[in-house]
Amino acid sequence: TLHATIKDRSSTTHKEFVRVIDEAASIHDAGCVAGSPDKDFLTPRTPKRNSSEAQIAEQSTEAFHSSAKTRRQETRVKKATISKKTTQKSVRKKLVLQDEPPRDLCKVDIASLKSRIGRIRHADDTAVPTCSDDVTPAVPITTTPLSTDTSPLNASVARAKDLATKALRRKEEGFVKQGETPPHDSTRQPAYQRYHTLAQSGPPGLSLPYQYKVLAEMFRSMDTVVAMLYNRCETATFTKVKQGVQDMMRRRFEESHMGQIKTVFPEAYTFKQEKNIPTFSSGVPKTSYQLTVEPLTESDQNEARPLLSALHLLKRRSIFHQNLVSIVKQHHQVFLSSLVPPVSVPDDKLNRWHPHFNVDSVPAVQPSLLPQVPVTEKLITAREVLDKARSLLSPKMEKALVTLALNTGDTPADVLGSCPNPTEPPVAQVPASLKGVSQTLLERIRAKEAQKLQAAMTRNPAQEERLLMMSRLGELARILRSVFVAEKKAALIMEVVCNRMVASYRSSLSTGEMEKHIHLLAEVAADWLTIHPIRKDFYLKLNKKVELSVVLEKLSRRLKEEEGV
22 TLHATIKDRS
32 STTHKEFVRV
42 IDEAASIHDA
52 GCVAGSPDKD
62 FLTPRTPKRN
72 SSEAQIAEQS
82 TEAFHSSAKT
92 RRQETRVKKA
102 TISKKTTQKS
112 VRKKLVLQDE
122 PPRDLCKVDI
132 ASLKSRIGRI
142 RHADDTAVPT
152 CSDDVTPAVP
162 ITTTPLSTDT
172 SPLNASVARA
182 KDLATKALRR
192 KEEGFVKQGE
202 TPPHDSTRQP
212 AYQRYHTLAQ
222 SGPPGLSLPY
232 QYKVLAEMFR
242 SMDTVVAMLY
252 NRCETATFTK
262 VKQGVQDMMR
272 RRFEESHMGQ
282 IKTVFPEAYT
292 FKQEKNIPTF
302 SSGVPKTSYQ
312 LTVEPLTESD
322 QNEARPLLSA
332 LHLLKRRSIF
342 HQNLVSIVKQ
352 HHQVFLSSLV
362 PPVSVPDDKL
372 NRWHPHFNVD
382 SVPAVQPSLL
392 PQVPVTEKLI
402 TAREVLDKAR
412 SLLSPKMEKA
422 LVTLALNTGD
432 TPADVLGSCP
442 NPTEPPVAQV
452 PASLKGVSQT
462 LLERIRAKEA
472 QKLQAAMTRN
482 PAQEERLLMM
492 SRLGELARIL
502 RSVFVAEKKA
512 ALIMEVVCNR
522 MVASYRSSLS
532 TGEMEKHIHL
542 LAEVAADWLT
552 IHPIRKDFYL
562 KLNKKVELSV
572 VLEKLSRRLK
582 EEEGV
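Quick note: the sequence shown uses the working numbering, first residue 22, plus one each step.
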């Protein structure tokens, strides 16, 4: 029985081993066939073994079986990936559409087709290209009546022609509109010059336009160069002044700028055309005329030749600046007279420009004429002198003199009668948004606005600061009352109140500025807030019987009164 049992086990083990070997060989053959299909491999067979060899093989079968199982799984994964790649590269989807069985047309289909054909015919009849006389007409499109069997291709072609005609018409209209547009203004100033005043820091006042500030800087540089040459007893020519000003300002300096300086400050220099001035250069001959500049100074009897000191330069610069402001004031006065109603402000009381007056739009200073090089003609013979005298009196001038002599007998009444009567000033048009509003009410409102603007333009800096402080008193009164409610005391020291209010106010104010506001509040609302000086400190006390709303109303009324002054 023991021998039979061993024999059965060995036979079972042998069969299992053969099966595993067959599977491994088949896998190997499949891999070889996939790699090189031309070669054939035989399945390996092993001879029968005895029981001792079977026991050894039994132990190694499990390990081999597990490794073979792993190989099978890896082989399956490889095959799956290979098949996936091949299918991704080679698979093509073939779309097979089922043929719909032909169906008979019903009445609804026939009616819809007829309506479509009617719309197409109507569109072709109405789509006639309209062109003006000066535009070349488009090529006419001949449309044939469409039948029920019109192909989609013909309809697409007709639609494309229609769209091409419309596009051509739009293009021609665009050319016409483009020809009517006004030319671009190339003389427009850059933005940093047009809005120069708005970008300036500091309180608003009588600021100058950008080009006027540049002209003032040119005068300062020119005055410095001319003063240096004048103090050295050297003749200042335009060539020397131009080089010095351009080196100082890094800007071009021309005779037109010198003419503008003469317009603004005519008492500053004396301009002459002189020759025989040493130039120390081969480009300019000595006998040629040159424009010379000589400063006009206040002569002193004690000094033989006055000098231009730094004090004189500062004084001349101040005069030049005031003259520039006077020129801008003239343009500002013209602007005020054009308002409705017109506003009149004396120049000596004007402290700031009108809010709607664009300072940077003031035109440039017109340059004055400078002395030109004299043109001399040399008359040698007597005949040349006679021809010159005869040319001075032309035939037209003779006729004009004769006509003037005949017309001297006209009476002044005839001259006055020929003059046309002055036309009445045009009535200001009322905007559409103000139609129906009483004209007297509009005039009163405009008069009040003009009065406020006039007061704002004549207000000095001290009044401006007081109004700014008055505008803050309403909010500061609320904060002050909150501080007293939080402290639950009848009186508080000034230092504590200032610190609390500085911490609570929305903008940054120093303790000293807050103390000024509290003193102003005690001055305006004396029946609500009182300040009691005790020894070296100040104590604040509120009147609880006075309502805060009454105080705020009083502050707003006082602010309006001071703004209108």
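Glycine is no exception: its CB is placed at the ideal position from the N, C-alpha and C atoms.
Taking its Cβ as the centre, do 16 or more other Cβ atoms sit within 10 Å of residue i, making it buried, or is it exposed?
i, result
"ILE555", "exposed"
"PRO203", "Note that PRO203 scores a pLDDT of 43, beneath 50, so its modelled location is shaky; the value from the coordinates is reported in the next line. Exposed is the call here."
"ASP268", "exposed"
"SER228", "buried"
"ARG40", "exposed"
"VAL458", "exposed"
"HIS538", "buried"
"GLY226", "exposed"
"LYS261", "buried"
"LYS566", "exposed"
"GLY265", "buried"
"LYS509", "exposed"
"ALA421", "exposed"
"ILE131", "exposed"
"ASP43", "exposed"
"HIS553", "exposed"
"PRO441", "Because PRO441 sits at a pLDDT of 44, beneath the cut-off of 50, its placement in the model cannot be relied upon, and the following sentence gives the value as read from the coordinates. By the 10 Å Cβ count, PRO441 comes out exposed."
"LYS187", "exposed"
"ALA325", "exposed"
"LYS60", "Note that LYS60 scores a pLDDT of 43, beneath 50, so its modelled location is shaky; the value from the coordinates is reported in the next line. With fewer than 16 other Cβ atoms within 10 Å, it is exposed."
"ALA212", "exposed"
"VAL396", "exposed"
"ARG521", "buried"
"LYS263", "buried"
"VAL436", "Caution applies to VAL436, whose pLDDT of 39 falls short of 50 and renders its modelled position unreliable; the value that the coordinates give is listed next. The residue in question, VAL436, is exposed, as its Cβ has fewer than 16 Cβ neighbours within 10 Å."
"ALA220", "exposed"
Does the beta-carbon distance from residue i to residue j come in below 9 Å?
i, j, result
"LEU474", "VAL383", "no"
"PRO316", "THR291", "yes"
"VAL518", "LEU530", "no"
"HIS278", "MET249", "no"
"LEU580", "LEU513", "no"
"PHE505", "LEU563", "yes"
"SER389", "PRO230", "no"
"ARG373", "ARG480", "yes"
"ASN252", "LEU329", "yes"
"MET515", "ASP548", "no"
"GLU371", "ALA237", "The sequence given here places Leu at residue 371; Glu does not occur at that position. Taking 9 Å as the Cβ cut-off, LEU371 and ALA237 do not qualify as a contacting pair."
"TYR526", "GLU568", "no"
"GLU574", "MET491", "no"
"VAL366", "MET478", "yes"
"LEU332", "LEU391", "no"
"TYR233", "ILE340", "no"
"ILE141", "ALA185", "no"
"ARG215", "ASP381", "yes"
From this set, the options, which residue's C-alpha is nearest residue i's C-alpha?
i, options, result
"ALA144", "ASN175, ARG180, GLN460", "ARG180"
"TYR310", "THR284, GLU295, GLU255", "GLU295"
"ALA289", "MET270, ILE514, VAL247", "VAL247"
"VAL235", "HIS217, ASN520, PHE259", "HIS217"
"GLU536", "SER577, LEU494, THR245", "LEU494"
"GLN351", "ASP369, SER339, PRO392, THR34", "ASP369"
"ILE466", "ASP146, PRO376, ASN372, PRO362", "PRO362"
"THR255", "GLN264, GLY280, PRO299", "In the sequence as displayed, the identity of residue 255 is Glu instead of Thr. The shortest C-alpha separation from GLU255 is found at PRO299."
"HIS540", "GLN387, ALA507, ARG487", "ARG487"
"VAL314", "LYS469, ALA543, GLY280, PRO327", "GLY280"
"SER590", "PRO211, HIS375, SER347", "Because the chain in this structure spans residues 22 to 586, residue 590 falls outside the shown range and cannot be described."
"GLU470", "ASP146, ALA543, PHE341, HIS377", "HIS377"
"ALA546", "ASN520, GLY533, LEU576", "LEU576"
"VAL572", "ALA543, HIS553, ASN520", "ALA543"
"ALA511", "ALA385, LEU134, LEU550", "LEU550"
"LYS293", "ALA325, LEU427, VAL394", "VAL394"
"LEU360", "ARG93, GLU534, ALA468, ARG97", "ALA468"
With DSSP as the reference, identify every bridge partner of residue i, one or two as the case may be.
i, result
"PHE292", "VAL314"
"THR258", "THR313"
Indicate, with yes or no, if the ligand SAM has a heavy atom lying under 8 Å from the CB of residue i.
i, result
"SER133", "Ligands in the displayed structure: none, and consequently the ligand SAM is not present."
> Which parts of the segment 485 to 565 are runs of the beta strand (DSSP E), unbroken and 3 residues or longer, counting only runs that do not cross its ends?
Replying inline: 512 to 514, 550 to 555, 558 to 563
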